[in-house]
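Undergrad: The sequence shown begins at 30 in my numbering and counts up one residue at a time. Even glycine gets a Cβ: it sits at the ideal position worked out from N, Cα and C. Have a look at this one.
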Amino acid sequence: MMRLNQFTFDVCSIIQPANQIKMPSNGDIQYTFRNFKNNQIISDINYFPEANECHCHIYSYPYTLTYYHNITNNFPGGLFKYVRQVSLYDEYPFEHDFFLRITQSFPCMEN
């Protein structure tokens with residue numbers, strides 16, 4: 030029987046209204062994927078009180094997709110050499126250091 034050695038994924042979910050569910054922590058999500066020996070799993074959970082939304086983004090790393098949407102101030106960084114297109118989303122202003130992280134993380138970004 031063959032076994033899956035590599036699993037590449039990118040899951041984004043938006044929960045609204047956010048106060049209807051208890052969101053797992055990044056630690057909870059990491060624990061869920063503890064048996065994925067050949068993958069590094071990145072998770073990012075953000076709560077937006079004005080929109081009453083919770084955004085959850087979970088993906089395998091290295092990230093091989095050509096887009097990365099809804100980057101927030103909590104963006105964990107990393108090298109995303111295949112990404113050509115990004116979009117930003119947050120209720121709080123982006124600071125100068127954030128844009129430095131973005132330019133380092135996405136060296137091939139087109140727009």
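#1: Give the DSSP-derived three-state secondary structure of Gln49 in the structure shown.
#2: Once the 5 residues before and after Lys110 are set aside, which same chain residues still bring their CB inside 7 Å of it?
#3: In its own chain, which residues sit with a C-beta less than 7 Å from the C-beta of Leu108, not counting the 5 before and 5 after it?
#4: What does DSSP give as the partner residue(s) for Val40 in the beta ladder?
#5: Would you list the one or two residues that DSSP bridges to Arg114?
#6: Please say whether Phe104 and Asn68 have beta carbons closer to each other than 8 Å?
#7: Just how far apart, CA to CA, sit Tyr76 and His84?
#8: What are the uninterrupted segments assigned as beta strand (DSSP E) that are 3 or more residues long and contained completely in the segment 47–82, given in chain order?
#9: What does the Cβ neighbour count give for His174, buried or exposed, with the cut at 16 atoms within 10 Å?
#10: Do Tyr88 and Phe38 count as a contact pair if the criterion is CB distance below 8 Å?
TA: Taking the definition as stated:
#1: Within the sequence shown, numbered from 1, the residue matching residue 49 stands at position 20. Correct three-state label for Gln49: helix.
#2: Numbered from 1 along the sequence shown, position 81 holds the residue referred to as residue 110. Only Pro136 and Cys137 meet the Cβ criterion.
#3: Working through the sequence shown from its first residue, we reach residue 108 at position 79. Closer than 7 Å at the Cβ level, and outside the excluded window around Leu108, lie Ser134.
#4: Looking up residue 40 in the sequence shown gives position 11. Its beta-bridge partners are Ile87.
#5: The residue you call residue 114 lines up with position 85 of the sequence shown. It is worth fixing the name first, because residue 114 is Gln in this sequence and not Arg. Answer by DSSP bridge pairing, in chain order: Tyr96.
#6: The residue you call residue 68 lines up with position 39 of the sequence shown. The residue you call residue 104 lines up with position 75 of the sequence shown. Their beta carbons are not under 8 Å apart, which means Asn68 does not touch Phe104 by this criterion.
#7: Residue 76 sits at position 47 when you count from the first residue of the sequence shown. Residue 84 sits at position 55 when you count from the first residue of the sequence shown. If I take the Cα positions, the gap works out to 6 Å.
#8: 69–77
#9: Nothing in the structure corresponds to residue 174, since the chain is present only between 30 and 140.
#10: Here residue 38 corresponds to residue number 9 of the sequence shown, with the count starting at 1. Here residue 88 corresponds to residue number 59 of the sequence shown, with the count starting at 1. Yes; because the gap between Cβ atoms is below 8 Å, this pair is in contact.
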